[in-house]
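Engineer: Per our numbering, the first sequence runs over residues -4 to 612.
In this text, a Cβ means the ideal position worked out from N, Cα and C, and glycines have one as well.
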Amino acid sequence: MIMTTSWADSVAASEKEVGAARFSSDQASQPRPARPTYVPPHLRSRPQSSGSPPAPPSAGAAVASAGNERGGYGGPTAGSRPTGGFRPDAGRGGGYASAGGWSGRTGGRDRGRDREVNPFVDKDGFEQAVVEQDNAVINFDAYEDIPVEATGDKVPPPASTFAEIDLGEALSLNIQRCKYVKPTPIQRHAIPIVLAGRDLMACAQTGSGKTAAFCFPIISGIMRGQYVQRPRGRTAYPLALILSPTRELSIQIHEEARKFSYQTGVKTVVAYGGAPITQQLRELERGVDILVATPGRLVDLLERARVSLQMIKYLALDEADRMLDMGFEPQIRKIVEQMGMPPRGLRQTMLFSATFPKEIQRLASDFLSNYIYLTVGRVGSSTDLILQRVELVRESDKRSYLMDLLHAQRENGVHGKQALTLVFVETKRGADSLENWLYTNGFPATSIHGDRSQQERELALRSFKSGRTPILVATDVAARGLDIPHVAHVINFDLPNDIDDYVHRIGRTGRAGNTGLATAFFNENNSSLARPLAELMQEANQEVPTWLPRFASRSHGGGRNRRSGGSRFGGRDFRREGSFNRGTDYYGGGYNSTGHGISAGYGAYGAYGAGVTSAWE
DNA sequence: AAAAAAG
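1) So, under 8 Å CB-CB, Leu528 and Ile494 are touching, yes? Tell me the CB distance rounded to an integer number of Å.
2) Taking only the alpha-carbon atoms, compute the straight-line gap between Arg172 and Gln450 and give it to the nearest angstrom.
3) How far does the alpha helix (DSSP H) with Cys210 in it extend, from its first residue to its last?
4) Please name the residue, chosen from Ile285, Ser215, Arg277, that lies closest to His249 on a Cα-to-Cα basis.
5) Do Leu276 and Val264 come within 7 Å of each other at the CB atom, strictly closer than that value?
6) Is the separation between the beta-carbon of Arg505 and that of Ile381 shorter than 7 Å?
7) Could you name each continuous alpha helix (DSSP H) segment of 4 residues or more that falls completely within the stretch 385 to 409, going from the start of the chain to the end?
8) Hey, how far is the Cα of Ile237 from the Cα of Asp478?
9) With DSSP run on the structure shown, which of helix, strand or coil describes Ala525?
10) Just the C-alpha distance for Gln305 and Leu312, rounded to the nearest angstrom, thanks.
11) Could I get the ranges of all uninterrupted alpha helix (DSSP H) runs contained in the stretch 425 to 475, with 4 residues as the minimum, in chain order?
12) Would you list the one or two residues that DSSP bridges to Val264?
13) Tell me the DSSP secondary structure of Tyr368 in three-state form.
14) For a quick check, are the C-beta atoms of Ala525 and Leu490 less than 7 Å apart?
15) Near Ser391, which residues of its chain fall below 6 Å by C-beta distance, leaving aside the five closest residues on each side in sequence?
16) Can you find at least 3 beta carbon pairs, one from the stretch 327 to 345 and one from the stretch 360 to 373, that sit closer than 8 Å?
17) Could you name the residues that DSSP lists as bridge partners for Ile381?
18) I'd like to know if the stretch 434 to 441 and the stretch 462 to 476 are in contact, where contact means that at least 3 CB-CB pairs between them fall below 8 Å.
19) Given a threshold of 16 other Cβ atoms within 10 Å of its Cβ, counted over all protein chains shown, does Gly74 qualify as buried or as exposed?
20) Using 10 angstroms around the beta-carbon of Arg219, count the other beta-carbons present and answer buried if the total reaches 16, otherwise exposed.
21) Between Phe488 and Val418, is the Cβ-Cβ spacing less than 7 Å?
22) For the beta strand (DSSP E) containing Val418, list its first residue and its last residue.
23) Does the Cβ-Cβ distance between Cys151 and Pro178 come in under 7 Å?
24) Between the Cα of Gly502 and the Cα atoms of Ala199, Ser461, Ala270, which residue gives the shortest distance?
25) How would you call Gly335, buried or exposed, if buried means at least 16 neighbouring beta carbons within 10 angstroms?
26) So Phe347 is in the beta strand (DSSP E); what residue range does that whole segment cover?
27) Measuring alpha carbon to alpha carbon, tell me which residue in Arg545, Glu243, Phe569 is nearest Ala474.
28) If we count the other Cβ atoms within 10 Å of its Cβ and call it buried at 16 or more, is His444 buried or exposed?
29) With burial defined as no fewer than 16 other Cβ atoms inside 10 Å of the residue's Cβ, what is the status of Gly147: buried or exposed?
30) Can you tell me the Cβ-Cβ gap for Arg292 and Tyr309, rounded? I've got them flagged as a contact below 8 Å.
31) Use the C-beta contact count for Gly204: other C-beta atoms within 10 angstroms, 16 or more gives buried, fewer gives exposed.
32) In this structure, what does DSSP give as the bridge partners for His484?
33) So, under 8 Å CB-CB, Val498 and Thr350 are touching, yes? Tell me the CB distance rounded to an integer number of Å.
34) Among the residues of its own chain, which have a CB less than 7 Å from the CB of Leu387, if the five just before and after it don't count?
35) Does the separation of the CB atoms of Phe569 and Lys393 fall below 7 Å?
36) What does DSSP give as the partner residue(s) for Met196 in the beta ladder?
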């Protein structure tokens, strides 16, 4: 498909395509006419009519704040109130200013809300999001064509706009501030399902707007809910729990959730290991509605009785397949089944992942009650924007090969700065030694893995994001969910054994509407990956080296995961396979939509703000 | 087999 002869050429080609996608008003001039360039909606800055503001998501919200002007959310205005309703007992100890003050209904004591930091501006008071100057012309059809399948009992119909979902004014305002105009496919389907009170297992590609898909209905539900007063004391009683497999991902989810819940009276707290627990305890004491956490630290807090799960109404597992794999499953089971959380049916449970193997689905069904299975196809997924290459590289040649790539990359760097390159290795030791080697050879590299201190991890991530060290050597700790803008190149120095891990890894590039490059070093040690990798690349219209499939025969029964469900979907509801639960009307209410049947699609506007990448993850 | 997640 892509006919480039050298790696440097393909970088150059990628750069050209990015330029074309952003600046050209002529789709036909794209170098890849056969496949329209897909641009995620949040990146479609002001298409068509230049200068016109994005369509307001709802009439009501438009009245409250004209357009997306800065004045609308420069900060809490004196006397302003949350517009989306109030709750009498935000956080712990309802009615007390320390926790509930910012609900705006505590006898005029607004201390709490005044303290709420505006998450939409940085510490210097500037808007975080950089306003994209250029107008992009995007092919919306690719987006409309994303196949969506929902199965289960009486599936609630999808919504095509945020306005018709009615999430409440305060939340709508935040959605506007985030510059989301239209819900993404996963959001269109998932939000009505959750608002209808149903459990959900959602299989959606990386970068499909998952975080917002579970945050919006949770925040909305908490705002509307009339919950019995939570006990006072040192124990925090969150109403929602969001679990994720890595600390950095929890941090990221929390940052997103803070934006969505700004001035709604819904308090979000994050808790994770490796960091001092005292500050987290202090935050929890001030009241928490939504707790974002990694499993280990949460168990710690539960055993100290500083957190109780008795009031949980919403449970969300991000990267759920990872959370339920061999390493994590016992811990998750303990949290969900043995720590006082209301049983399924009495809470709402949402599982999200880009990949959902059948074994994991079977495990996961223990936590769910009459759930809906939702799968969003990978057509138009971010993998579409990624140019994938596989090189045959002997183990002993990897370092010099890497050096060649990095040299080429340096020459192709934009604005004199080296483009960000993420190098995945298999082991923590391997990460250390490769970082060291790169560093001694004059490459600005750092590394992130589980044996580094949390401080070092976060520093490395910041340093990488800022471009100070544009090369990051990482283990799988960085493979999932992390939203790092401007990663131009993902190098699988060591390939993973599982094709799903490969999918997650390369998903770190090709984000935010930029094309990305993914290079893998393949040798006989990776034979088990040959078949699934070849299939995946073929599916993504990538050029498959002729030698690659030949390695497949050398693998013995490996290559698990012939990607089920064919090419259109990331997965399939395991309840539809075999005889499991035949007879119950599990999928009687299911439907299948390619998006064509949904009116008010994406044709008119697609003006998601630029630089607002993470909610699309 | 490795990585992640508590200290």
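Structural biologist: Concretely, from the data shown:
1) What you label residue 528 is simply residue 533 of the first sequence in a count that begins at 1. What you label residue 494 is simply residue 499 of the first sequence in a count that begins at 1. Indeed they touch by this definition, with Cβ atoms about 6 Å apart.
2) If you number the first sequence from 1, residue 172 lands on position 177. If you number the first sequence from 1, residue 450 lands on position 455. So the alpha carbons of these two residues sit roughly 31 Å apart.
3) Counting from one through the first sequence, the residue named residue 210 turns up at place 215. Counting along the chain, the alpha helix (DSSP H) containing Cys210 begins and ends at 205 to 219.
4) Numbered from 1 along the first sequence, position 254 holds the residue referred to as residue 249. The shortest C-alpha separation from His249 is found at Ile285.
5) As a working mapping, residue 264 is identified with position 269 in the first sequence. As a working mapping, residue 276 is identified with position 281 in the first sequence. Not closer than 7 Å, so no.
6) Here residue 505 is taken as the residue at index 510 of the first sequence, counted from 1. Here residue 381 is taken as the residue at index 386 of the first sequence, counted from 1. A quick correction: the sequence has Gly, not Arg, at residue 505. In this structure, Ile381 lies closer than 7 Å to Gly505 by Cβ.
7) 393 to 406
8) If you number the first sequence from 1, residue 237 lands on position 242. If you number the first sequence from 1, residue 478 lands on position 483. Distance between the alpha carbons of Ile237 and Asp478: 17 Å.
9) Here residue 525 corresponds to residue number 530 of the first sequence, with the count starting at 1. Ala525 falls in the helix class under three-state DSSP.
10) Here residue 305 is taken as the residue at index 310 of the first sequence, counted from 1. Here residue 312 is taken as the residue at index 317 of the first sequence, counted from 1. In a straight line, the C-alpha of Gln305 is about 18 Å away from that of Leu312.
11) 449 to 461
12) Walking along the first sequence from the start, residue 264 turns up at place 269. Leu286.
13) Locating residue 368 in the first sequence gives position 373, counting from the first residue. Three-state result, Tyr368: strand.
14) Numbered from 1 along the first sequence, position 530 holds the residue referred to as residue 525. Numbered from 1 along the first sequence, position 495 holds the residue referred to as residue 490. No, Cβ-Cβ distance for Ala525 and Leu490 is not below 7 Å.
15) Stepping through the first sequence from its first residue, residue 391 is reached at position 396. Taken in chain order, the list of residues that qualify is empty.
16) yes
17) Counted from its first residue, the first sequence places residue 381 at position 386. The partner list for Ile381 (beta bridge, DSSP) reads Gly511.
18) yes
19) One-based indexing of the first sequence puts residue 74 at position 79. Note on Gly74: pLDDT 35, under 50, position unreliable in the model; no value is reported.
20) Counted from its first residue, the first sequence places residue 219 at position 224. Per the 10 Å Cβ criterion, exposed.
21) If you number the first sequence from 1, residue 488 lands on position 493. If you number the first sequence from 1, residue 418 lands on position 423. In contact: Phe488 and Val418 (Cβ atoms closer than 7 Å).
22) Looking up residue 418 in the first sequence gives position 423. 415 to 419 is the extent of the beta strand (DSSP E) around Val418.
23) Sequence index remark: in the first sequence, residue 151 carries index 156 (1-based). Sequence index remark: in the first sequence, residue 178 carries index 183 (1-based). Position check: residue 151 holds Pro in this sequence, whereas Cys was assumed. Not in contact: Pro151 and Pro178 (Cβ atoms no closer than 7 Å).
24) Taking the first residue of the first sequence as position 1, residue 502 is located at position 507. Nearest C-alpha to Gly502: Ala199.
25) One-based indexing of the first sequence puts residue 335 at position 340. With fewer than 16 other Cβ atoms within 10 Å, it is exposed.
26) As a first step, residue 347 is located in the first sequence; it is residue number 352 there, counting from the start. Taken as a continuous stretch (DSSP letters only), the beta strand (DSSP E) holding Phe347 covers 343 to 348.
27) Numbered from its first residue, the first sequence carries residue 474 at position 479. Checking every option, the nearest Cα to that of Ala474 belongs to Glu243.
28) Working through the first sequence from its first residue, we reach residue 444 at position 449. With 16 or more Cβ atoms within 10 Å of its Cβ, His444 is classed as buried.
29) Counting from one through the first sequence, the residue named residue 147 turns up at place 152. Gly147 comes out buried.
30) The count along the first sequence starts at 1 and reaches residue 292 at position 297. The count along the first sequence starts at 1 and reaches residue 309 at position 314. Actually they are not in contact, since the Cβ atoms of Arg292 and Tyr309 sit about 19 Å apart, beyond 8 Å.
31) Translated into positions along the first sequence, residue 204 becomes position 209. The residue is buried, with at least 16 neighbouring Cβ atoms inside 10 Å.
32) As a first step, residue 484 must be located in the first sequence, where it is residue number 489. Paired residue(s): Thr416, Leu512.
33) Taking the first residue of the first sequence as position 1, residue 498 is located at position 503. Taking the first residue of the first sequence as position 1, residue 350 is located at position 355. Contact flag correct, Cβ pair sits at about 6 Å.
34) Within the first sequence, residue 387 is the residue found at index 392, counting from 1. Only Phe517, Asn518, Trp542 meet the Cβ criterion.
35) In the first sequence, counting from the first residue as 1, residue 569 sits at position 574. In the first sequence, counting from the first residue as 1, residue 393 sits at position 398. No, they are not a contact pair.
36) Here residue 196 is taken as the residue at index 201 of the first sequence, counted from 1. Its beta-bridge partners are Leu346, Tyr368.
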